[in-house]
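J.:
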Amino acid sequence: MQLTKEDLLAKANAASKNTLMETLNIEMIDYGPDFLVAKMPVNTRVYQPDGVLHGGATAALAESVGSFASHIFLDTEHLFVRGLEITANHLKSVKDGHVYAKATFLHKGRTTQLLDIRITDDHDNLVSICRLSTITLPKNK
479 MQLTKEDLLA KANAASKNTL METLNIEMID YGPDFLVAKM PVNTRVYQPD
529 GVLHGGATAA LAESVGSFAS HIFLDTEHLF VRGLEITANH LKSVKDGHVY
579 AKATFLHKGR TTQLLDIRIT DDHDNLVSIC RLSTITLPKN K
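Written as structure tokens, this is what we have:
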């Protein structure tokens, strides 16, 4: 049975309970045939000491949305997904509002995947560009 967009997003957000995603208030908000979008509020929970968005929080957002994208678009009944490597280039500081991460596949292989994740602010300014590689491995029965 194919899940509706709303059901899939609700399922993804429910899976975030008691995790880093819940701590950072990361929420999956949109998806389509080849992308997934998440948002995260920018506030004191994700600040670095000088009051702007911490690069580590940005990387956590990117890895969260990228890993969920791999999970959604692959056969996770028989496979599980793990992140292999993440890179992040931070281009702009953010002090408040939200940041949005849109993950799209550059490569969707049977074993490895490569995702492009663009982080933008409330005004659609590019904040960071990230790349995430994931691997799918068989579940042990």
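Heads up: the sequence shown at position 44 corresponds to 522 in this note's numbering, and the numbers run straight through without jumps. Just so it is clear, CB atoms sit at the ideal spot from N, CA and C, and this is done for glycine as well.
Could you check whether the region 511-524 touches the region 554-563, counting it as contact only if at least three pairs of C-beta atoms, one from each stretch, sit closer than 8 Å?
T.: Too few Cβ pairs lie closer than 8 Å, so no.
J.: Just the Cα atoms here: how many angstroms apart are Leu487 and Ile504?
T.: Counted from its first residue, the sequence shown places residue 487 at position 9. Counted from its first residue, the sequence shown places residue 504 at position 26. Taking the straight line joining both Cα atoms gives about 12 Å.
J.: Using the Cα positions of Thr612 and Asp528, report the straight-line distance between them to the nearest angstrom.
T.: Numbered from 1 along the sequence shown, position 134 holds the residue referred to as residue 612. Numbered from 1 along the sequence shown, position 50 holds the residue referred to as residue 528. Cα-Cα distance, rounded: 32 Å.
J.: Return the CA-CA distance between Pro616 and Glu555, expressed in angstroms with no decimal places.
T.: Your numbering for residue 616 matches position 138 in the sequence shown. Your numbering for residue 555 matches position 77 in the sequence shown. Going by the C-alpha atoms only, they are around 9 Å apart.
J.: From Thr501, Asn618 and Lys586, pick the residue whose C-alpha is nearest to that of Ala627; which is it?
T.: Look at the range of the chain in this structure, 479 to 619, and you will see that residue 627 is not part of it.
J.: Using 8 Å as the threshold, is the C-beta distance between Val524 and Ser571 below it?
T.: Taking the sequence shown and counting its residues from 1, the one referred to as residue 524 is at position 46. Taking the sequence shown and counting its residues from 1, the one referred to as residue 571 is at position 93. No.
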